[in-house]
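Engineer: Mind looking over this structure? Questions follow.
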Amino acid sequence: AQKVTQAQTEISVVEKEDVTLDCVYETRDTTYYLFWYKQPPSGELVFLIRRNSFDEQNEISGRYSWNFQKSTSSFNFTITASQVVDSAVYFCALSEASGGTSYGKLTFGQGTILTVHP
Amino acid sequence: EPEVTQTPSHQVTQMGQEVILRCVPISNHLYFYWYRQILGQKVEFLVSFYNNEISEKSEIFDDQFSVERPDGSNFTLKIRSTKLEDSAMYFCASRGGGLTDTQYFGPGTRLTVL
Numbered sequence: 001a002q003k004v005t006q007a008q009t010e011i012s013v014v015e016k017e018d019v020t021l022d023c024v025y026e027t028r029d030t031t032y033y034l035f036w037y038k039q040p041p042s043g044e045l046v047f048l049i050r051r052n053s054f055d056e057q058n059e060i061s062g063r064y065s066w067n068f069q070k071s072t073s074s075f076n077f078t079i080t081a082s083q084v085v086d087s088a089v090y091f092c093a094l095s096e097a098s099g100g101t102s103y104g105k106l107t108f109g110q111g112t113i114l115t116v117h118p
Numbered sequence: 119e120p121e122v123t124q125t126p127s128h129q130v131t132q133m134g135q136e137v138i139l140r141c142v143p144i145s146n147h148l149y150f151y152w153y154r155q156i157l158g159q160k161v162e163f164l165v166s167f168y169n170n171e172i173s174e175k176s177e178i179f180d181d182q183f184s185v186e187r188p189d190g191s192n193f194t195l196k197i198r199s200t201k202l203e204d205s206a207m208y209f210c211a212s213r214g215g216g217l218t219d220t221q222y223f224g225p226g227t228r229l230t231v232l
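These protein sequences, in sequence, are chains L and X.
If you read the first sequence in our numbering, its first letter stands for residue 1, the second for the next number, and so on.
If you read the second sequence in our numbering, its first letter stands for residue 119, the second for the next number, and so on.
In structure tokens, the structure reads:
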């Protein structure tokens, strides 16, 4: 069974600080996909990134970067020079691809509440 | 940019009443999903729908729940007899045809059962 753990319940930083959100996952599949979603106070789920299990290259998009390490089953998310607008709940999620018959359900972590103070 | 839409944004109902939550997935997407998020908790998978039938469902998705795609555009979630514990945000999502495709979520419907 798939499982995602986000051990950090809440993080509070001051603007311009860097912050890393941790995500650890469990799966028996060799092919799977990892995601990060942002949920701002307005409540919608905003897609940030998708990674497949065969691509361990780290990715950078502006102030956001992701570190995928299969050896530790982790997919961590770093925001550089945080801003107040980054305040949100961030969810890590996993989707398995079981022998080509997966219908792609997402298993979410508990989420990390990030508060960026001015 | 295409997006998933959901109506209503907020639904208030009395316990025991039936509710239907509506979603319009992104056109040309083939896989459809409902998720639930109880206030302050994580997002939980309810059901996936593909090729006009349920492809997978969670233990939450019991006989009180049903889904339907009545036409080429709408995707609905029905709760037959609502309970207090059904109060939550319900998200619809859709995905294109390949496993590499991303699920895109609608803005959610907040269901309040009194």
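Built from N, CA and C at the ideal position, the CB exists for glycine as well.
Keep in mind it's a predicted model, so treat the numbers as computed, not measured.
State the Cα-Cα distance for the pair threonine 112 of chain L and arginine 198 of chain X, rounded to the nearest angstrom.
Structural biologist: Residue 112 of chain L sits at position 112 when you count from the first residue of the first sequence. Residue 198 of chain X sits at position 80 when you count from the first residue of the second sequence. Cα to Cα, the separation comes out at about 33 angstroms.
Engineer: From what residue to what residue does the beta strand (DSSP E) around arginine 198 of chain X run?
Structural biologist: As a position in the second sequence, residue 198 of chain X is number 80, starting the count at 1. It is not in any beta strand (DSSP E) - arginine 198 of chain X carries neither H nor E in the DSSP assignment.
Engineer: Please list, in chain order, all residues of the same chain as glycine 134 of chain X whose beta carbon is under 6 angstroms from its beta carbon, the five residues on each side excluded.
Structural biologist: What you label residue 134 of chain X is simply residue 16 of the second sequence in a count that begins at 1. Closer than 6 angstroms at Cβ, skipping near neighbours: Ser199.
Engineer: Roughly how many angstroms separate the alpha carbons of arginine 51 of chain L and glutamine 110 of chain L, rounded to a whole number?
Structural biologist: Within the first sequence, numbered from 1, the residue matching residue 51 of chain L stands at position 51. Within the first sequence, numbered from 1, the residue matching residue 110 of chain L stands at position 110. For arginine 51 of chain L and glutamine 110 of chain L, the distance between alpha carbons rounds to 19 angstroms.
Engineer: Out of L:Glu96, L:Leu21, L:Leu34, which has the shortest C-alpha to C-alpha gap to threonine 134 of chain L?
Structural biologist: The requested residue 134 of chain L is not part of the displayed model; chain L covers only 1 to 118.
Engineer: Among the candidates L:Pro118, L:Ile49, L:Gln83, L:Ala97, whose CA atom is the shortest distance from the CA of aspartate 18 of chain L?
Structural biologist: Translated into positions along the first sequence, residue 18 of chain L becomes position 18. Considering only alpha carbons, the answer is L:Gln83.
Engineer: Using the beta-carbon of each residue, which ones in chain L are nearer than 9 angstroms to proline 188 of chain X?
Structural biologist: For this step, residue 188 of chain X is matched to residue 70 along the second sequence. Those do not exist, as proline 188 of chain X stays about 21 angstroms from chain L at its closest Cβ, beyond 9 angstroms.
Engineer: Under 7 angstroms Cβ to Cβ from serine 87 of chain L, same chain only, skipping five residues before and after it: list those, please.
Structural biologist: As a working note, residue 87 of chain L is residue 87 in the first sequence. So the qualifying residues of the chain are Leu114, Thr115, Val116.
Engineer: Could you tell me how far apart the beta carbons of tyrosine 149 of chain X and serine 212 of chain X are, in whole angstroms, since I believe they sit closer than 8 angstroms?
Structural biologist: Within the second sequence, residue 149 of chain X is the residue found at index 31, counting from 1. Within the second sequence, residue 212 of chain X is the residue found at index 94, counting from 1. The Cβ separation is near 7 angstroms, so the contact holds.
Engineer: Measuring alpha carbon to alpha carbon, tell me which of L:Val24, L:Gly62, L:Trp66, L:Leu48 ends up nearest glutamate 56 of chain L.
Structural biologist: In the first sequence, the residue the question calls residue 56 of chain L occupies position 56. Measuring from the Cα of glutamate 56 of chain L, the nearest candidate turns out to be L:Trp66.
Engineer: Span of the beta strand (DSSP E) holding valine 4 of chain L?
Structural biologist: Locating residue 4 of chain L in the first sequence gives position 4, counting from the first residue. It spans 3-5 - the beta strand (DSSP E) in which valine 4 of chain L sits, taken as one unbroken run.
Engineer: Between leucine 157 of chain X and tyrosine 208 of chain X, is the Cβ-Cβ spacing less than 8 angstroms?
Structural biologist: Here residue 157 of chain X corresponds to residue number 39 of the second sequence, with the count starting at 1. Here residue 208 of chain X corresponds to residue number 90 of the second sequence, with the count starting at 1. Against a cut-off of 8 angstroms, the Cβ pair of tyrosine 208 of chain X and leucine 157 of chain X comes out as no contact.
Engineer: Since glycine 224 of chain X and valine 122 of chain X should fall inside the 8 angstroms C-beta cutoff, what is the C-beta to C-beta distance between them, to a whole number of angstroms?
Structural biologist: By one-based count along the second sequence, residue 224 of chain X stands at place 106. By one-based count along the second sequence, residue 122 of chain X stands at place 4. The Cβ separation is near 4 angstroms, so the contact holds.
Engineer: What would DSSP say about glutamate 203 of chain X, mapped onto helix, strand or coil?
Structural biologist: If you number the second sequence from 1, residue 203 of chain X lands on position 85. Looking at glutamate 203 of chain X - three-state DSSP - the assignment turns out to be helix.
Engineer: Span of the beta strand (DSSP E) holding threonine 95 of chain L?
Structural biologist: Your numbering for residue 95 of chain L matches position 95 in the first sequence. The sequence shown places serine at residue 95 of chain L, not threonine. Counting along the chain, the beta strand (DSSP E) containing serine 95 of chain L begins and ends at 88-96.
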